[in-house]
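S.K.: Next up is a structure, given as C-alpha cells.
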Amino acid sequence: MSKNGTVAGMDIHGTLGKLEGAGNIFLPRKAAVLLANDDTPIEKRLTLRLEDDAPFEFSPGQFIEVSLFGYGEIPVGLASSPTRQRSFDIVVRAVGRVSKAIHGLHGGDTLHVRGPYGNGFDLDALRGKNVLIIAGGLGLAPTRSLIQYILDKRDEFKRFTLFYGTRDPNTLLFPEDLEEWRESDKVEYFETVDRATGPWKGNVGVVTTLFQKTKLEPGTKVVVCGPPIMFKFVLRELDSLAVPHQDIYLDVERRMKCGVGKCGHCQINDKYTCTDGPVFTFAELEKLPEAF
Amino acid sequence: MNAYFISAHDFKPFITRLIEARRVIGPVAKRNRFTFERVTRAEDLRLDYDVTILPPKKIFFPPVQDLVHFEGERYAGCIEAEPQVLLGVHFYDVKAIDMTDQLFREKFADPNYLAAREATTVVASNVQRVSDAAFWGSIGADVAPKGHDAFLTMIETGYVFETRTPKGAALLEFGRFRIAEKSEVAAADRVNAEILEKCPERIDHPAEAVAKRLWEVFGDEALWEKLAEDCFSCGSCNVICPTCYCFDVQDRWNLDQKSGARARSWDACLTQDFAQVSLGAGATENFRESRGERFRHRFMRKGAYLNKKLGGPACVGCGRCSQACTADIASPPKVINKIMGAAR
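Those sequence lines, one after another, are chains A and C. My numbering applies: residue 7 is where the first sequence begins, and numbers increase by one. My numbering applies: residue -19 is where the second sequence begins, and numbers increase by one.
See the structure below:
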C-alpha cells in the first residue's frame, strides 16, 4: 500500500472497491453489530446488518465468512431466516484466534462478512412434507435459519418436529427461542441435556433418547446438524426407523477456509463442503468414504 | 494461427529486444538447477533446462499473495497485474496452467489469479533436455496443451515460432521472423513428437484404469499406510506440484499496528493439520489424521477426483514431486504402477 492511500492505483474504499465490485471474491462487506449476547459461556450470538444496507439474500443453511481485519476469517453458519430481513444472526464459539477476537465485540462495533456461500437446505424437497430437525449443541445455530423459516411459512410444511440436545443446561442456545418453542403449537419441540445441573427438570440423555417421545411418520424429511459423534448415533437410530437415506439431510462441518471452492481444506473426497455442501443427503454422503 | 521461423543467429537479438520492451520471465540457471525468474540478459535464458524447481504457477499464484489491504476502517483489494511475457514453458507445464486456469475460473472466479494470467503472454518451448524423473510421455497423452500464446521449437537451423493467439503474434515485431517453410514446421513437429519417447519414467496404464483402480483400493488402509510409512508430512510434494493450488489465508499486521494485509499462501494437504478444525475447549477434529489418509488424498486428487472435470488426470508428469520428496516415496510412476499391480 502506498503512502498516498492508493492500492495498485485504486482508492481505498470503506466498502466495495469500484473497479472490483462484486468481482473480487475475497473482498468482504462491512457489517454493524446490532446486538451481541453471550448465550452460553463460550458462545456469543451476534445480530448483524450490512453497513451498505444492501439486501442480503441468502437461503437457510448457507454460511458466511466472518472476519476481523488483523485476526482473520472463519466460516459461520447463518443462524436466522432470510424471512426476517435487514438483520441476520450468527453464533460464534470461542475456539481460536478469530473467534476469540469476535467475542470481544459489542453492539455498535463492526466486522466483515463475505458470502453467503454453500447450497443451504433443499427447501423445495422439504415443502409439503413432515420435517424433523435434530440439532446437537452448536448445531442449533445453522438449523435455526430453517426453523425460523418453517415457522414463518408454516403453511408450506406439514408436521414440524424439533429435537435439540446439548451438554448441560448452561449450554442451551437462544434462550428466548426455546421459551417460544416450548409454548408454540407450530412446532413439536423436544429438548434434552446430557447432564442435568441446577433446576433442570427436562429430559436427561443424549439426543437420540428423544425419539421415544414421539412417533416418526413415514415420509418425514430429517435434517441433522451437530458434532461428528452425534451423526453416528442419530444415523443409526434413523436406520432402525427405516428412514430412506435420500430423506436425511446432514449439515456437516469442515474447515471451509475460503468458502468459494478453491483452498482445498474442506474437501470430502472429491466434494468441496463449501460449494457442494455444507448440506448433503445421507445418500450422497455414504458414497464418500471420507465423510464419516 | 501461423508458423514463423527465426534463425539461430537472429534469436539472441530477438530475446534482447523483447527484454528491452517487456518484462520477461523465463528459465534461468540456479546453481545446477533451474528456476523461472525475471530475465534481464538474453544470455541468462536457459531454454535447454530440464525442469524448473518450482513450476510457473508461481507467476499467477504466488507463494504468498496479498488479497486485501486494510488500514484502520478502510480496506481494498490489491490486484496487481503487470503485463509480462512468460517464456520457455514446457508443454507439460502449459497443461498444468490449463488446469489451474479452469479451477480458478470455475464457480467463483478468482480475480487475483485471473488478472495475472490475463496480463501474461505465455510462450511455450520444446523440451530440449529431459529430467531424470520425467514421465510426461506416458500421462494424459491425449490432453493437448492449450493455454499458451505461442510455441517455440528449436530445430537444427533455428527456431520455429508458432503463434496461437494475437497476444503471441504481437511478439513477432521484436525479431527477424519470416513465414516458416513446410519442412521447418515438419521438423518442429518431429522434435516435439520424438521427445515424448525419451522419458526415463513411465506410467504403464491408461488414466481411466488408474482412476478406477484408485477408487477400488481407497479402503485398503494397510496399503496406504504402507506407502506413506516414511512420509514426513512436509508437503514438499504439494508445494512443487504445478497442479496443486490449495492455500491458507492469514491476516498480518504491519509494524505500525494500524494497517496490514489479508494474504494467502500455498498450503499442502500432506501436512498434519490441513483438515483439522477446532471444536472448542482445546478439542480438535482432524478429518485426515493419518499419514496414509493424507498420502491417499494426494493420489486421489491427482489421479481420480478431478479427471472428469479436467478431461484427464491432474498430473502432468513433470516428476518434480519425485525429486522433492525427502523420503523418496512420492514418485507417481512408482506408486501408481505398484497400486495397479497390487493384489486384486
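Glycine included, each C-beta is placed from N, C-alpha and C at the ideal position. None of the values given here were measured: they were computed from a predicted structure.
Can you tell me where the alpha helix (DSSP H) holding Ile220(C) begins and where it ends?
M.R.: Segment: none, Ile220(C) is in no alpha helix (DSSP H) and carries neither H nor E.
S.K.: Take the Cβ of Ala28(A) as the centre, count every other Cβ of all protein chains shown within 10 Å, and call the residue buried at 16 or more, exposed below.
M.R.: Confidence in Ala28(A) is poor, its pLDDT being 49 and thus under 50, which makes the residue's placement unreliable; the coordinate value appears in the next sentence. So Ala28(A) counts as exposed.
S.K.: Strictly below 7 Å CB to CB, what residues from chain A border Ile231(C)?
M.R.: The sequence given here has Asp at residue 231(C), not Ile. Ordered by position in chain A, the residues that pass the 7 Å Cβ test against Asp231(C) are Phe75, Gly76, Tyr77, Gly78.
S.K.: Taking Met79(C) as the query, report the chain A residues whose CB atoms sit under 9 Å from its CB, ordered along the chain.
M.R.: Neighbours of Met79(C) on chain A: none; closest Cβ ~13 Å, over 9 Å.
S.K.: Could you check where the beta strand (DSSP E) with Thr116(A) kicks off and where it finishes?
M.R.: Per DSSP, Thr116(A) belongs to the beta strand (DSSP E) from 116 to 123.
S.K.: Take Asp78(C) and list the residues in its own chain whose beta-carbon comes closer than 6 Å to its own, dropping the five residues that flank it on each side.
M.R.: Excluding sequence neighbours, Asp78(C) sits near Lys126, Gly127.
S.K.: Could you pull out every unbroken alpha helix (DSSP H) segment of at least 4 residues lying fully inside the stretch 152 to 184 of chain A, listed in chain order?
M.R.: Listed in chain order, nothing qualifies, since the stretch 152 to 184 of chain A has no complete alpha helix (DSSP H) run of 4 or more residues.
S.K.: Closer than 9 Å between beta carbons: that is the criterion. Which residues of the stretch 102 to 114 of chain C meet it against chain A?
M.R.: So the list is empty, because no residue satisfies the distance condition.
S.K.: Flag this pair as yes or no: are the beta carbons of Val72(A) and Leu117(A) separated by less than 8 Å?
M.R.: Yes, these two residues count as a Cβ contact at 8 Å.
S.K.: I'd like the list of long-range same chain contacts for Val74(C), defined as Cβ closer than 8 Å, with 5 residues on each side in sequence excluded.
M.R.: The residues are Val102, Ala104, Pro125, Lys126, Gly127, His128.
S.K.: Figure out for me which residue from Gly321(C), Ile309(C), Lys318(C), Ile(-14)(C) has the closest Cα to the Cα of Leu151(C).
M.R.: It is Ile(-14)(C).
S.K.: Which bits of chain A does Arg158(C) rub up against, with CB to CB less than 8 Å?
M.R.: Chain A residues near Arg158(C): none, gap ~40 Å exceeds 8 Å.
S.K.: Can you check whether the C-beta of Ala310(C) is within less than 8 Å of a C-beta belonging to chain A?
M.R.: Judged by the 8 Å Cβ criterion, Ala310(C) is not in contact with chain A.
S.K.: Is the separation between the beta-carbon of Asn106(C) and that of Asn172(C) shorter than 8 Å?
M.R.: The answer is yes: Cβ separation under 8 Å.
S.K.: Mind checking whether Gly78(A) and Gln230(C) have CB atoms under 8 Å apart?
M.R.: Against a cut-off of 8 Å, the Cβ pair of Gln230(C) and Gly78(A) comes out as a contact.
S.K.: Mind listing, in chain order, the continuous beta strand (DSSP E) runs of no fewer than 3 residues lying wholly within the stretch 55 to 127 of chain C?
M.R.: Complete beta strand (DSSP E) runs here, min 3: 64 to 69, 100 to 105.
S.K.: Buried or exposed for Lys282(C), going by 16 or more other Cβ atoms inside 10 Å?
M.R.: Flag for Lys282(C) reads buried.
S.K.: Could you work out which residue in Thr287(A), Pro47(A), Pro234(A), Leu54(A) is closest to Leu41(A) when comparing CA atoms only?
M.R.: Taking only the C-alpha atoms, the option nearest Leu41(A) is Leu54(A).
S.K.: Taking C-beta pairs closer than 8 Å, name the residues in chain C that Ile31(A) reaches, listed in chain order.
M.R.: Here the neighbours are Phe88, Ala89, Asp90, Pro91.
S.K.: Please say whether Asp200(A) and Arg242(A) have beta carbons closer to each other than 8 Å?
M.R.: No; because the gap between Cβ atoms is not below 8 Å, this pair is not in contact.
S.K.: Which bits of chain C does Pro295(A) rub up against, with CB to CB less than 7 Å?
M.R.: In chain order: Phe198, Gly199.
S.K.: Check whether chain A comes within 8 Å of Asp228(C), counting only Cβ atoms and requiring the distance to be less than that.
M.R.: Yes, Asp228(C) counts as interfacial toward chain A.
S.K.: Cβ of Glu265(C) less than 8 Å from any chain A Cβ?
M.R.: Closer than 8 Å: yes.
S.K.: Determine which residues share a DSSP beta bridge with Leu132(C) and list them.
M.R.: Per DSSP, Ser105(C), Phe141(C).
S.K.: If contacts are defined as beta-carbon pairs under 8 Å, then Asp(-10)(C) and Gly155(C) qualify, I think. What distance do you get, rounded to the angstrom?
M.R.: The pair is a contact, with the Cβ atoms about 6 Å apart (cut-off 8 Å).
S.K.: Whole angstroms is fine: what's the gap from Phe75(A)'s alpha carbon to Ile119(C)'s?
M.R.: Computed Cα separation, rounded: 44 Å.
S.K.: State buried or exposed for Gly262(C), treating a residue as buried only when at least 16 other CB atoms are found within 10 Å of its CB.
M.R.: Gly262(C) should be labelled exposed.
S.K.: Do you know offhand how far Gly20(A)'s Cα is from Ala56(C)'s?
M.R.: Legend: pLDDT at Gly20(A) = 29, less than 50; position of this residue unreliable, value from coordinates given subsequently. Approximately 8 Å between the Cα atoms of the pair.
S.K.: Of all the beta strand (DSSP E) runs that stay within the bounds of the stretch 30 to 115 of chain A, which reach a length of 3 or more residues?
M.R.: Taking only runs of at least 3 residues, the beta strand (DSSP E) segments lying wholly in the stretch 30 to 115 of chain A are 35 to 44, 49 to 56, 69 to 74, 78 to 83, 94 to 99.
S.K.: For the stretch 209 to 229 of chain C, which residues have a beta carbon sitting closer than 8 Å to at least one beta carbon of chain A?
M.R.: If the cut-off is 8 Å between Cβ atoms, the stretch 209 to 229 of chain C has Tyr225, Cys226, Phe227, Asp228, Val229 near chain A.
S.K.: Report the neighbours of Asp276(A) on chain C: residues whose CB is nearer than 7 Å to its CB, in chain order.
M.R.: Under the 7 Å cutoff, chain C gives Tyr285.
S.K.: Nearest-angstrom Cα distance between Lys178(C) and Pro35(C)?
M.R.: Straight-line Cα distance between these residues: approximately 21 Å.
S.K.: With DSSP run on the structure shown, which of helix, strand or coil describes Val197(C)?
M.R.: Correct three-state label for Val197(C): coil.
S.K.: Rounded to a whole number of angstroms, what is the C-alpha to C-alpha distance between Ile33(C) and Phe14(C)?
M.R.: Whole-angstrom Cα-Cα distance: 6 Å.
S.K.: Would you mind reading off the limits of the alpha helix (DSSP H) that contains Gly272(C)?
M.R.: Unbroken alpha helix (DSSP H) run through Gly272(C): 271 to 280.
S.K.: Skipping 5 residues on each side, what residues in its chain have a beta carbon closer than 7 Å to that of Asp228(C)?
M.R.: Excluding sequence neighbours, Asp228(C) sits near Arg244, Ser245, Asp247.
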